[in-house]
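Under this note's numbering, the first residue of the sequence shown carries the number 6, and numbering increases by one thereafter.
Data block below; observations after.
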Amino acid sequence: MGAFVLTFAVIGLAFTNPGEVASYNVDAAASQIVWKGYKVLGEHTGTINVQKGSLNIQDGQLVGGSFAIDMTSIACTDLSGEYKGKLEGHLKSDDFFGAATYPTATFVITSATPNGVDRYKVTGNLTIKDITKEIKFIANLEKEEGQVVAKADIQIDRSEFNVRYGSGSFFDSLGDKTIYDEFDLSVSIVATGN
């Protein structure tokens, strides 16, 4: 389903008691998700807001975490005026992500297995429009002091989440109106320790 590569900058781990799980809370205002979608005749880009989340660290290692994404916040940054409003409205409509019915998307880490120095094989569940798909990816941890910065470049196949509008996988004769199933997310998550 898509490839995840995450980089974490983690701080203050030396002050956590051995065996204790430390939860780092996401700073939604400082975090950002940038999306990019592709069609035959071009592409569009924009942002989606992180709503809330956390990363769990035990003995300096990633052991879990989760993130919630505000789908009602989908915005287009490469257009302006009327065209910007039309695209944002369409992306939030039932043709695409149905944000009124499904206002939140989530990602939950289900396992994190060490894979080299400060590297992990991570498995997690991504839920969009109440459809959940398992994703596996490599995560990297960097230890510093005071906060966690997580970055990911992700490719997602929207058709797996019943987002089919303009998809060549489901509709014939779309020609240059075809919108590709895969879209990219560039994720930057900032979280702070308790």
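Quick reminder that beta carbons are idealized off the backbone N, C-alpha and C, glycines included.
Subject >> For residue 102 and residue 76, believed in contact at Cβ under 8 Å, the rounded distance >> reply: Between residue 102 and residue 76 the Cβ distance is about 5 Å, and since that is below 8 Å, they are a contact.
Subject >> Other residues of its chain near residue 104: CB distance less than 6 Å, five sequence neighbours each side excluded >> reply: If the five residues before and after residue 104 are omitted, its C-beta is found closer than 6 Å to the C-beta atoms of 76, 77 and 97, all from its own chain and listed in chain order.
Subject >> Inter-residue Cα distance where the pair is residue 33 and residue 158 >> reply: Roughly 18 Å between the two C-alpha positions.
Subject >> From 28, 197 and 65, residue whose alpha carbon lies closest to that of residue 122 >> reply: If we check each option's Cα against that of residue 122, 65 comes out closest.
Original post:
What is the rounded straight-line gap between the Cα of residue 55 and the Cα of residue 72?
Top reply: Rounded to the nearest whole angstrom, the C-alpha separation of residue 55 and residue 72 is 7 Å.
**OP:** Could you pull out every residue in the same chain whose Cβ sits closer than 6 Å to the Cβ of residue 63, ignoring the five residues on either side in sequence?
**Re:** Closer than 6 Å at Cβ, skipping near neighbours: 26.
Original post:
Hey, how far is the Cα of residue 58 from the Cα of residue 108?
Top reply: Going by the C-alpha atoms only, they are around 16 Å apart.
**OP:** Sort out for me which residues DSSP pairs residue 189 with in a bridge.
**Re:** Among the bridge pairs identified by DSSP, residue 189 is matched with 41 and 160.
**OP:** Please say whether residue 131 and residue 39 have beta carbons closer to each other than 9 Å?
**Re:** No, the Cβ-Cβ distance between residue 39 and residue 131 is not below 9 Å.
**OP:** Can you tell me which of 134, 145, 99 and 94 puts its alpha carbon nearest to the alpha carbon of residue 118?
**Re:** Here the closest residue by C-alpha is 145.
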